[in-house]
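Q: This is the structure, below, for whatever I ask next.
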Amino acid sequence: MITPTKGIAPDRCLLAVGAQVLLQLDEPRTVSQTWARLKSWRADQAHTSPVSFEWFVLALDILFAMGAVELVQDVLVARSTDAAPSER
């Protein structure tokens, strides 16, 4: 589920979907804006594996657990990848 398996396509595993979500967070966005952009981006990139809203939320959960995103005043914000651990 988190990584690709025999039953989960590489573009649908949670780490890949999480990376795709991060691509949509070039600026702070609401959850619904991010979801709409992700669906549009996946269609433009010809990803045919379905990703439901529930799967999108699971990807957000993984990103939050890794400290890659945070929710600030109802807006998703991608955390800086160049921040030192003590700054997080």
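Count along the sequence shown starting at 1, add 304, and that's the number in the working numbering. Glycine included, C-beta positions come from ideal geometry on N, C-alpha and C. Quantities reported herein were computed from a predicted structural model and do not represent experimental measurements.
For residue 353 versus residue 313, is the C-beta distance shorter than 8 angstroms?
A: Yes, the pair counts as a contact, with Cβ atoms nearer than the cut-off.
Q: Thinking C-alpha only, which one of 351, 356, 350, 311 is nearest residue 339?
A: With distances taken between Cα atoms, residue 339 lies closest to 356.
Q: Indicate the three-state DSSP secondary structure (helix, strand or coil) for residue 355 in the structure shown.
A: If DSSP states are grouped into helix, strand and coil, residue 355 belongs with coil.
Q: For residue 349 and chain D, any beta-carbon pair shorter than 8 angstroms?
A: The structure shown contains no chain D; it is built from a single protein chain.
Q: What's the C-alpha gap between residue 328 and residue 319?
A: Approximately 15 angstroms between the Cα atoms of the pair.
Q: At which residues does the beta strand (DSSP E) containing residue 347 begin and terminate?
A: Counting along the chain, residue 347 falls outside any beta strand (DSSP E), though it belongs to the alpha helix (DSSP H) covering 335–348.
Q: Let's see if you can read the secondary structure: which residues bound the beta strand (DSSP E) around residue 319?
A: No beta strand (DSSP E) contains residue 319, which is instead part of the alpha helix (DSSP H) from 318–328.
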